[in-house]
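Asks:
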Amino acid sequence: MVHVKIWGSLRHATEGKDEVEVEAANFRQLLDQLSTKYPGLRPQIERGVSLALDGRIYREAWFTEIGPESEVVLMPYMTGG
Amino acid sequence: MALDSQAKKVFKQVGTRPRRPDGVDKVTGRAMYGADATAPGMLFARVLRSPHAHAVIKSIDASAALAQKGVKAVVTSADFGVPEDLFIRDVQDNCMARGKVLYDGHAVAAVAAVSDAVAKQALKLIKVDYQVLPHVTDVDEAMKPGAPVVQQGRTEENVGPGFSENVTTYCEFGHGDLVAGFAKADRILERSFKTAATHQGYIEPHACLASVTSDGKADLWCCTQGQFHVRNVCAEIMGMESSQLRVTASEIGGGFGGKTTVFIEPVALALSRKTGRPVKMVMSREEVFRATGPTVSSSMDVKIGMTRDGRITAAEAHLRYQGGAFPTGTVTMGGQSAFAAYDLEAVRTYGWNVMTNRPKEAAYRAPGAPMAIYAVESVVDEFCQHFGLDPLDVRLMNAAKKGTRSSYGPTFDAIGLIATLEAAKAHPHYTAPLGPNQGRGLSCGFWFNFGGNTCVTLNVNSDGTIGVTEGNPDIGGSRASISLMAAEELGIPYDKVRTIVADTNSIGYNDITDGSRVTFSVGLATIQSARNAIKVMCARAAKIWGIDEDAVIWEDGAAKPSGPNAGDFEPMTLAEIAAVSAETGGPIAGHHEVNADGAGVSFGVHLADVEVDPETGATKVLRYTVFQDAGRAVHPDYVEGQMQGGAAQGIGWALNEEYIYGKDGRLQNAGFLDYRVPVASDLPNIDTVILEIPNPGHPYGVRGVGETPIVPPLAALSNAVSRAVGVRMHELPMSPPKLLKAMNGKG
């Protein structure tokens, strides 16, 4: 199981939890599982999210592998100037 | 790609300061900017803009304009469809108002004519019947229930009750127990802040030339930070296939985030399609101010608890950003950045994005971060004054470091904040004496940086020179940095490499030049392209020598047998291998296509000394030093230029720059005479100290440097001014009248 930290304003979609568990080996599976298990997250995931894996931020990259001990953080999609 | 494993790589090219490749063209006027493009039979276009902040467009009558001699076409929103994609629809509706004008300066119609003078004249003949609506331009007013609603139905699902429909987004970040954290504090400060909207202030106004042919192909030349983004947006708006619209980016006269956008290009394309002739469109400076994106303005509340020895026990911030007449996401970046420099047990930020009757916000260097960090760093500074603590010691005591759980979630890897703070503390600037009415301020700054989609082709020419083709407009010296990295990897002199920025049909997709991504990700792709080309060159040498490819290595710009067992052959240089490439298998090139990650966050610290005239309230910046972690400074001149440029823009933001609206909702200062950016005579030499804490996510350790330097100046200046005059300022800009009022009111 992967432990995913989510940002606070998404708690309304995760029964108030800051951290959720899903079965996933890579980012695509993780996002699919989050959308399935917590449908309230789907609108945000469709608008765009970034993922941080062990401190490194990824904007896309479906097939990035997630280890069992990895720190995974769901973040808003990054934009810059 | 991870940092190269060599413990201490010795660079021969990277870190040098060769002459910039665009310098001669720019100083001789030869460089081709957006407005320099011309085509045979070209028409000139002008845009009619709304004089109202908010109004229904009841009708548009262009018959008199069309009857004018020399006028070839008029377009309005009726000439465009209604895109399904909401992002594209917003871009289109911002380019040409549909049904309602949403801000002063919103485009309502455009004319193409045989000359610019005729086009301007024709605008006066277009009759628009408006029904004026109530408007709102202030973020706090716009949030209140009952405020005039800019657009309906744009509120995201997680915005709570109690707000007007102008509130589109809510976000919350952080961790820990705030109540317990504040209970540990010896003192809690709660302060409110406001910052004005500021414009990126690029020298070159937006400009383009569009040419649509009768068989459905089109070419577009424009000044942009992202030709592929322009291509994708315009193709969708125009109902074209991407391959049929070729977009070429001109040389760019500044962007700073403000040219990650599309404002005029679809209109020029529509006029060209309608007339069958090339159409050129160049914005005036007034149009740039009224109708292109400034940054957000903000209203913020910060609450921090601290022990008397300087440890922050808890921190929270409420951020309200207005981004003009369309939904934006900028407050999420502010919410994540606000406390990023600190290692905190309990931290929370709450943010709201709000629509107002102002132009659609565009990114501006580290979008969302400068204002949030200004508020936080101001409160930290007030604590230092209250407890009599050294401001750098307090930052060092609380600094984020490797292993810190960041305020936005992930745990930091190697970061350079502490090294940057220590460099500031050791610098003579920090202890230099100050005179009367003078003050010294400092602030930390932070930006995420990112990578993204990137393609590079590296061609080995038969004369032994190298052509690098990339797809990101050069807004900060990237062509030089890319050439340096190619030369480094190949082991050849810098002047044997030329890097060019290609059009959208000449290379694969590249993300916009933004997020401080280009030196990092295009550099990474260039290094990999060079390595791929080296592999080919080693294989060619192996064929010539009749040995196994694995028995050939690349050193100092030449292929060599890997050892005595591989054979006794003289090294073949890159030029020697290139010269016989036709005979050994054909042209040699290396490519790399990647969606790069691992950009590595960046921190900076700024020190500012100011003197405030007690009679006028005018602030003079006496001394300014920027300390920043660049990971690896590929071309230090450009890194220093980024640091200085960011500081200069931030100083303007802090002291003078602001969008001023009248009660009628119209912009009052749409020109550089009334919107005052700092000029050279306003600024001291901005000193720079580059730190190099290698980024583990890049083979040479490179981090982006372009955005972080605009973050600290706001608080560094405010803290300096507050210390100089003895009264804490809570609003930017600290223009002389505001500062004088605060000084006179302190009793």
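Protein chains in written order, with our numbering: chain A, 1 to 81; chain B, 1001 to 1747.
Beta carbons: idealized from backbone N, C-alpha and C, even for Gly.
(1) Mind checking B/V1024: buried by the 16 CB within 10 Å criterion, or exposed?
(2) Please report the residue range of the beta strand (DSSP E) in which A/H3 lies.
(3) Looking at the structure shown, is B/V1091 part of a helix, part of a strand, or coil, going by DSSP?
(4) Can you pull the chain B residues whose beta carbon is under 8 angstroms from the beta carbon of A/A25, in chain order?
(5) Taking the beta strand (DSSP E) that B/C1444 falls in, what are its first and last residues?
(6) Let me know the alpha helix (DSSP H) ranges lying completely inside the segment 1424 to 1500 of chain B, each 4 residues or longer, listed in chain order.
(7) Exposed or buried, what is B/N1357 when buried is set at 16 or more other beta-carbons lying within 10 Å of its beta-carbon?
(8) In this structure, how does DSSP classify B/L1673 when only helix, strand and coil are distinguished?
(9) Roughly how many angstroms separate the alpha carbons of B/D1104 and B/E1286, rounded to a whole number?
(10) Would you call the CB atoms of B/V1394 and B/G1310 closer than 9 angstroms?
(11) Against B/G1697, what residues of chain A qualify as contacts under a CB-to-CB distance less than 9 angstroms, listed in chain order?
(12) Using the Cβ count rule (16 or more neighbours within 10 Å means buried), how would you classify B/A1185?
(13) Can you give me the C-alpha to C-alpha distance between B/A1002 and B/G1403, rounded to a whole angstrom?
(14) Any beta carbon from chain B within less than 9 angstroms of A/E71's own beta carbon?
(15) Mind checking B/G1706: buried by the 16 CB within 10 Å criterion, or exposed?
(16) Under a three-way DSSP split, which group does B/K1663 fall into?
(17) For a cutoff of 9 angstroms on Cβ pairs, would you count B/S1718 as touching chain A?
(18) With a cut-off of 8 angstroms on the beta carbons, I'd call B/A1720 and B/V1610 a contact; round off their distance for me.
(19) If the criterion is Cβ atoms closer than 9 angstroms, does the pair B/T1076 and B/V1247 meet it?
(20) Is DSSP giving B/Q1013 helix, strand or coil here?
(21) Is the beta carbon of B/P1145 closer than 9 angstroms to that of B/S1164?
(22) Mapping the DSSP letters down to three states, classify B/I1418 as helix, strand or coil.
(23) Closer than 7 angstroms, Cβ to any Cβ of chain A: which residues of the segment 1040 to 1056 of chain B, in chain order?
(24) Assuming B/T1295 and B/F1627 make a contact with CB atoms under 8 angstroms, what is their CB distance in whole Å?
(25) Could you check whether the Cβ of B/I1387 sits closer than 9 angstroms to any Cβ belonging to chain A?
(26) Given a cut-off of 9 angstroms on the beta-carbon distance, is the pair B/Q1200 and B/Y1364 in contact?
(27) Leaving out five residues before and five after B/E1241 in sequence, what residues of the same chain have Cβ atoms less than 7 angstroms from its Cβ?
(28) With B/G1351 as the anchor, note down where its beta strand (DSSP E) starts and where it stops.
(29) With C-beta atoms as the reference, is A/I6 less than 9 angstroms away from A/L41?
(30) Assuming contact is defined by CB atoms lying nearer than 9 angstroms, are B/V1354 and B/T1168 in contact in what I supplied?
(31) By Cβ distance below 7 angstroms, which residues in the same chain neighbour B/A1366 in space, the five residues on each side in sequence not counted?
(32) Less than 6 angstroms between C-beta atoms, sequence neighbours within five positions excluded: which residues of the same chain meet that for B/Y1408?
(33) Among residues of its own chain, excluding the 5 on either side of B/L981, which ones have a beta-carbon nearer than 7 angstroms to its beta-carbon?
(34) Are B/N1459 and B/F1228 touching if we call contact CB-CB under 9 angstroms?
Replies: On the basis of the supplied data:
(1) Under this definition B/V1024 is an exposed residue.
(2) A/H3 -> beta strand (DSSP E) spans 2 to 5.
(3) In the structure shown, B/V1091 falls within a helical segment according to DSSP collapsed to helix, strand and coil.
(4) Correct list: empty, because the minimum Cβ distance to chain B is about 18 angstroms.
(5) Start and end: 1438 to 1447.
(6) With a minimum length of 4 residues, the continuous alpha helix (DSSP H) runs that stay inside the segment 1424 to 1500 of chain B are 1478 to 1490.
(7) The residue is buried, with at least 16 neighbouring Cβ atoms inside 10 Å.
(8) Per DSSP, reduced to three states, the secondary structure at B/L1673 is coil, with no helix or strand assignment.
(9) Roughly 11 angstroms between the two C-alpha positions.
(10) Against a cut-off of 9 angstroms, the Cβ pair of B/G1310 and B/V1394 comes out as a contact.
(11) Correct list: R56.
(12) Buried, by the Cβ-count rule.
(13) If you take the alpha carbons of B/A1002 and B/G1403, they lie about 19 angstroms apart.
(14) At least one chain B Cβ lies under 9 angstroms of A/E71.
(15) Answer is buried; the Cβ neighbour count reaches 16.
(16) DSSP places B/K1663 in coil when its eight states are reduced to three.
(17) Not closer than 9 angstroms to any Cβ of chain A, the Cβ of B/S1718 fails to qualify, so no.
(18) The distance from the Cβ of B/A1720 to that of B/V1610 is about 4 angstroms, consistent with a contact at the 8 angstroms cut-off.
(19) No, the pair does not count as a contact, with Cβ atoms beyond the cut-off.
(20) B/Q1013 falls in the coil class under three-state DSSP.
(21) Yes, they are a contact pair.
(22) Residue state, collapsed to three classes: helix.
(23) Those residues of the segment 1040 to 1056 of chain B that come within reach of chain A (Cβ to Cβ, closer than 7 angstroms) do not exist; the list is empty.
(24) B/F1627 and B/T1295 do not touch by the CB rule: their CB atoms are close to 24 angstroms apart, not below 8 angstroms.
(25) At residue 1387 of chain B the sequence reads Phe, which differs from the Ile that was named. Using beta-carbon distances, B/F1387 does not count as an interface residue toward chain A, since no partner is under 9 angstroms.
(26) Contact annotation: B/Q1200 and B/Y1364 have beta-carbon atoms nearer than 9 angstroms.
(27) Cβ neighbours of B/E1241 beyond the five flanking positions: A1235.
(28) Note, B/G1351: beta strand (DSSP E), 1347 to 1354.
(29) Yes.
(30) B/V1354 places its beta carbon less than 9 angstroms from that of B/T1168.
(31) The beta carbon of B/A1366 is closer than 7 angstroms to those of W1447, E1707, T1708, I1710, V1711 in its chain, skipping five residues each way along the sequence.
(32) Excluding its 5 nearest sequence neighbours in each direction, B/Y1408 has C-beta neighbours in its own chain below 6 angstroms: F1173, Q1336, listed in chain order.
(33) Any question about residue 981 of chain B goes unanswered here, given that chain B covers just 1001 to 1747.
(34) Judged by beta-carbon spacing, B/F1228 lies beyond the 9 angstroms limit of B/N1459, meaning their Cβ atoms are not closer than that value.
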